[in-house]
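Notes for the one structure printed next.
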Amino acid sequence: MQPSDLSEEEQIHLAIAASLNNNAAPGTPGPSALSPPAAPAIPAQDDPAYLPYVFGTIAAVEHPDAVGTPAETARIQFRFPDGQKIVRKFRKSDPVRTLFEHIKASHPEIEHPFEIFKFRESLLRRLDETVDHAGLAGMALTVDSI
1 MQPSDLSEEE QIHLAIAASL NNNAAPGTPG PSALSPPAAP AIPAQDDPAY LPYVFGTIAA
61 VEHPDAVGTP AETARIQFRF PDGQKIVRKF RKSDPVRTLF EHIKASHPEI EHPFEIFKFR
121 ESLLRRLDET VDHAGLAGMA LTVDSI
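The opening residue of the sequence shown carries number 1 in the UniProt record's numbering; numbering runs sequentially from there.
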């Protein structure tokens, strides 16, 4: 395989690997020039790096207020560290991840990874549960940095 047959990203990895090989001590094997970089290891749930890792997997997506009957929607209040409060409506069938996506998109001034708490319970650990299953309808949630 020729370098010109590779994607731009693969060419960059090839160049980095070649650079690492040039900086290695003579006789020291370097990483294979064509092997893809190793995927980052997912931290264990009890590792302090776990929550920031999970937060990094969340995209910034602004979601409009949900429309529907009270049986289908949930009003949720968010309290921010600066004292600001907002109330949004989400579908009860939305995953908890939707709340994080919306806050991430609508509050770009929050520069550090944040957590949303239901009382003192971390919702980053419940991203795939629905708003209804997590019991978030009518709740006042706290947004705070990790």
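Glycine is no exception: its CB is placed at the ideal position from the N, C-alpha and C atoms.
Annotated three-state conformation of E111 is coil, per DSSP. Here H107 is not near R88, since their CB atoms are 8 Å or more apart. Residue range Y50 to G56 is occupied by the alpha helix (DSSP H) that includes V54. Between the beta-carbon of V131 and that of A137 there is about 7 Å, and that keeps the pair under the 8 Å contact cut. Counted as a single uninterrupted DSSP element, the alpha helix (DSSP H) harbouring K104 occupies residues R97 to S106. Exposed is the label assigned to R120, since fewer than 16 other Cβ atoms lie within 10 Å of its Cβ. I116 and H133 have their C-alpha atoms some 16 Å from each other. For A59, no beta strand (DSSP E) segment is defined, and its DSSP state is neither H nor E.
The continuous stretches of beta strand (DSSP E) do not include A66, and DSSP gives it neither H nor E.
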